[in-house]
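Here is the structure we will look at.
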Amino acid sequence: MKIIFFWLCLIQLLWGADATIEVVKGVARLTPLAIEDSSPQSTEMSQKFSQMLAADMNVVSMFSVDESYAMAGFDATSPAPAHKEARYLLRYRLVNDGMGGVKADVKLLQDGTPLFLKSYILKQSEMLVFLSHSVAYDINAKIGGSPIDWIKRKVLFVRLTSPRHSEIVASDYTLSYQKVILKGGIYGFAKWANREQSDLYYTSLSDFKPTIYKMNLLSGKKEKVISSDGMAVCSDVSEDSTRLLLTLAPTGQPDIYQYDLNSNTKTRITDYSGIDVNGQFMGDGSIAFVSNRFGYPNVFSTRINSNAVSQLVYQGKNNSSLSSYKNFLVYKARESTSGYGGNAFNLHLLSLNSGNIKRLTASGENDYPRFSPDGEAILYIKQEGSRSSIGLIRFGINKSFAFPLKIGRIQSIDW
Amino acid sequence: MMKNIAFLSATVAMLVLSGCSTKEPAIDATASTAGSSVGTGVNPNATTSTDSNAVIAPITNANANDTAAANGTNGSDAQLVSILFDYDKFDIREDMQAAMTKNTLLVKEKTIKLEGNCDEFGSDEYNFALGLKRANAVKTALVNSGANADSISMVSFGESNPVCLEKTQECWAKNRRVDFKLP
Numbered sequence: 030m031k032i033i034f035f036w037l038c039l040i041q042l043l044w045g046a047d048a049t050i051e052v053v054k055g056v057a058r059l060t061p062l063a064i065e066d067s068s069p070q071s072t073e074m075s076q077k078f079s080q081m082l083a084a085d086m087n088v089v090s091m092f093s094v095d096e097s098y099a100m101a102g103f104d105a106t107s108p109a110p111a112h113k114e115a116r117y118l119l120r121y122r123l124v125n126d127g128m129g130g131v132k133a134d135v136k137l138l139q140d141g142t143p144l145f146l147k148s149y150i151l152k153q154s155e156m157l158v159f160l161s162h163s164v165a166y167d168i169n170a171k172i173g174g175s176p177i178d179w180i181k182r183k184v185l186f187v188r189l190t191s192p193r194h195s196e197i198v199a200s201d202y203t204l205s206y207q208k209v210i211l212k213g214g215i216y217g218f219a220k221w222a223n224r225e226q227s228d229l230y231y232t233s234l235s236d237f238k239p240t241i242y243k244m245n246l247l248s249g250k251k252e253k254v255i256s257s258d259g260m261a262v263c264s265d266v267s268e269d270s271t272r273l274l275l276t277l278a279p280t281g282q283p284d285i286y287q288y289d290l291n292s293n294t295k296t297r298i299t300d301y302s303g304i305d306v307n308g309q310f311m312g313d314g315s316i317a318f319v320s321n322r323f324g325y326p327n328v329f330s331t332r333i334n335s336n337a338v339s340q341l342v343y344q345g346k347n348n349s350s351l352s353s354y355k356n357f358l359v360y361k362a363r364e365s366t367s368g369y370g371g372n373a374f375n376l377h378l379l380s381l382n383s384g385n386i387k388r389l390t391a392s393g394e395n396d397y398p399r400f401s402p403d404g405e406a407i408l409y410i411k412q413e414g415s416r417s418s419i420g421l422i423r424f425g426i427n428k429s430f431a432f433p434l435k436i437g438r439i440q441s442i443d444w
Numbered sequence: 397m398m399k400n401i402a403f404l405s406a407t408v409a410m411l412v413l414s415g416c417s418t419k420e421p422a423i424d425a426t427a428s429t430a431g432s433s434v435g436t437g438v439n440p441n442a443t444t445s446t447d448s449n450a451v452i453a454p455i456t457n458a459n460a461n462d463t464a465a466a467n468g469t470n471g472s473d474a475q476l477v478s479i480l481f482d483y484d485k486f487d488i489r490e491d492m493q494a495a496m497t498k499n500t501l502l503v504k505e506k507t508i509k510l511e512g513n514c515d516e517f518g519s520d521e522y523n524f525a526l527g528l529k530r531a532n533a534v535k536t537a538l539v540n541s542g543a544n545a546d547s548i549s550m551v552s553f554g555e556s557n558p559v560c561l562e563k564t565q566e567c568w569a570k571n572r573r574v575d576f577k578l579p
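Chains Y and H, in that order, give the protein sequences. Counting along the first sequence from 1, when you hit position 154 you're at 183 in this note's numbering, and nothing is skipped either side. Counting along the second sequence from 1, when you hit position 59 you're at 455 in this note's numbering, and nothing is skipped either side.
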């Protein structure tokens, strides 16, 4: 009996070791997915959509995406010959609606079995990439991936085109779609005014005094919110869209103010003779901000109607930009004190609950971090010489992506 | 005998447990689960209906042009001299004092606008605030020399108004400046 038990134990151990190896292999080798065009005719748009879906499914990061283009019948159970290795097939059928829009049918098959089937309506065919993002969102939800609500959001950025000239642009997160919302002046710090992304705030530097405007995207109507000598920036919008954190400098000193949109009143939050900027609403009701009160820019917090100020970050000597999500902060830290080239700016994630800090970027100039509204990802500006890219970091899967801007330099982003 | 039965039970249990381990990657297991519960539940009518999440709203705007556009001039007006600053600093340098004296004489009794500017390292609010503090340092010096504070306005352009676009130390030094503008 003891001999039998010995052999059974040995078999068990060997089996167990094999299972461990398979788990590692399983993680490293994602399941192959191919994308197939089932449109009535292969067109430039339908081929482009295949590339868009491939790019999005790579960001979804749950498949090994075969990016080769092929056509196949929408209801065929077997893949196109080029895709016979694929276990998952993502098929789409695009049809122009004759009014500038597109109707799309999308199907996901696993080993020939339908997992997902949905129809979409796109009212402007030039926004095709948003259709791809919506499909990626739905597929990710269907197969239980980490949340990617941010993938469907519109990104707002300010592009510097030449000295004293900039544009406010609405785009998708990959910058594939871009629509200029405002041009012809000097703008900065464009920010969505609500979760629905129907309105935005921005600073105009073309006026006699820096002025914050609110603009409705549908009508184009602009209304002045407030102006200040020197500097006026909308740094953050409360979750219910009723309060703003502004940086104003009526006497030449940049300080943080809360602006109540219901009463149109402002309350001064900080009062310091140096620099206080970049106020952010925190999950516990406090306000995080950047200040040079210790002689260098760093991250602090305070509360409304309180003079007490707490230092939040104890690492680095030049932390000059931040974004908050509940009790998490992401901030930019300068890695060297050089006034010239070769400067490195890296992003760090701080949990205020645990005090843990995690470095998110390894090298280069990484600037202007912005949490997604669900806290699942960070968007940031990556500067490489005169070229800007939008960077994306997904916490859930520990991956980052970069999407270059072809023309101009990005001043600010929001989503 | 009881001992042998216990041994046998334990080993059988171990075998059963190890036999349950799957060789499929976790992603397949998830998808398979979804398939078994959802695959048969695919609604054949779905191709003819859409839900509210499937309609992608358009981005529109009434007017892309702002008529209050800037004229795109650079540097200081007339014979006024821009005041240069060191990296990350907003105190007026010793070698800029002569320029300040000259500017003070030229702008006395006039309404002026001081434009603070920065180099290209950082587009965040802190960089804009640095430009403003530079403008404010110049304003304070002008007021201390007898200028009327109410006749001086300020704006910071951050890094968005460079006079030099090359990637050199000299160029960045030129961009860290305060320009004097006459109305």
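Every residue gets a Cβ at the ideal spot worked out from N, C-alpha and C, and that includes glycine.
The C-beta separation of Y/Lys295 from Y/Tyr301 comes to about 17 Å, leaving the pair out of contact by the 8 Å criterion. In the displayed model, Y/Trp221 falls within a strand according to three-state DSSP. Cβ-Cβ separation between H/Glu521 and H/Val574: approximately 18 Å, too far for a contact (criterion under 8 Å).
Among the residues of the stretch 283–301 of chain Y, those with a Cβ less than 9 Å away from any Cβ of chain H are Pro283, in the order of the chain.
In terms of CA proximity to Y/Gly437, Y/Glu196 leads the group Y/Ser97, Y/Thr203, Y/Glu196 and Y/Ala222. Excluding the 5 residues flanking it on each side, Y/Ala278 has same chain C-beta neighbours closer than 6 Å at Ser257, Gly259 and Met260, in chain order. Cβ-Cβ distances below 6 Å link Y/Met81 to Val158 and Ser161 in the same chain, with the five nearest sequence neighbours on each side left out; the list follows chain order. Look at Y/Gly314 here: in three-state DSSP terms it is coil, with no helix or strand label. The continuous alpha helix (DSSP H) containing Y/Ile168 extends over residues Leu157 to Lys171. DSSP, read as helix, strand or coil, puts Y/Val359 in strand. Not a single CB atom of chain H sits nearer than 9 Å to the CB of Y/Ile177. Boundaries of the beta strand (DSSP E) around H/Gly512: Ile508 to Gly512. Judged by pairs of C-beta atoms under 8 Å, the stretch 55–74 of chain Y touches the stretch 120–138 of chain Y, as three or more such pairs exist. Closer than 9 Å to the CB of Y/Ile426 there is not a single CB belonging to chain H. Across the structure, Y/Thr142 and Y/Gly130 are spaced so that their CA atoms are roughly 30 Å apart. Take the alpha-carbon of Y/Tyr325 and the one of Y/Tyr242: they are about 31 Å apart. Assignment of Y/Asp178 by DSSP, reduced to helix, strand and coil, places it in the helix class.
A distance below 9 Å separates the beta carbons of H/Ala543 and H/Lys504.
Y/Ser154 sits in a helix when the DSSP states are folded into three classes.
Rounded to whole angstroms, Y/Arg120 and Y/Ala109 show a C-alpha spacing of 11 Å.
Around the Cβ of Y/Asp269, a 10 Å sphere holds fewer than 16 other Cβ atoms; the residue is exposed. For Y/Arg120, no alpha helix (DSSP H) run applies; the uninterrupted beta strand (DSSP E) run containing it begins and ends at Tyr117 to Asn125, by DSSP.
DSSP places Y/Ser79 in the uninterrupted alpha helix (DSSP H) bounded by Glu73 to Val89. Contacts between Y/Asp396 and chain H, judged by CB atoms closer than 8 Å, involve Gly518, Ser519 and Asp520 in chain order.
One thing to note: Y/Ser320 has its Cβ within 9 Å of the Cβ of Y/Val306. Look at the stretch 180–212 of chain Y and you find these whole runs of beta strand (DSSP E), each 3 residues long or longer: 184–191 and 194–200. By the Cβ criterion, the stretch 178–186 of chain Y is in contact with the stretch 403–419 of chain Y, since at least three pairs of Cβ atoms, one from each stretch, lie closer than 8 Å.
Going by C-alpha positions, Y/Tyr231 is about 30 Å away from Y/Leu381. Contact annotation: in the stretch 480–502 of chain H, residues whose CB is within less than 8 Å of a CB in chain Y are Asp482, Tyr483 and Asp484. The three-state reading of DSSP puts Y/Leu246 in coil, since its state is none of H, G, I, E or B. Among the residues facing chain Y, H/Ile508 is not included, as its CB has no counterpart in that chain under 9 Å away. Note on Y/Val254: 16 or more other CB atoms within 10 angstroms of its CB, so buried under the neighbour-count rule. In terms of beta-carbon proximity, Y/Arg322 stays away from the interface with chain H, with every pair separated by 9 Å or more. Beta-bridge partners assigned by DSSP to Y/Ala431: Y/Gly420. Straight through space, the alpha carbons of Y/Ser264 and Y/Gly308 are spaced by roughly 6 Å.
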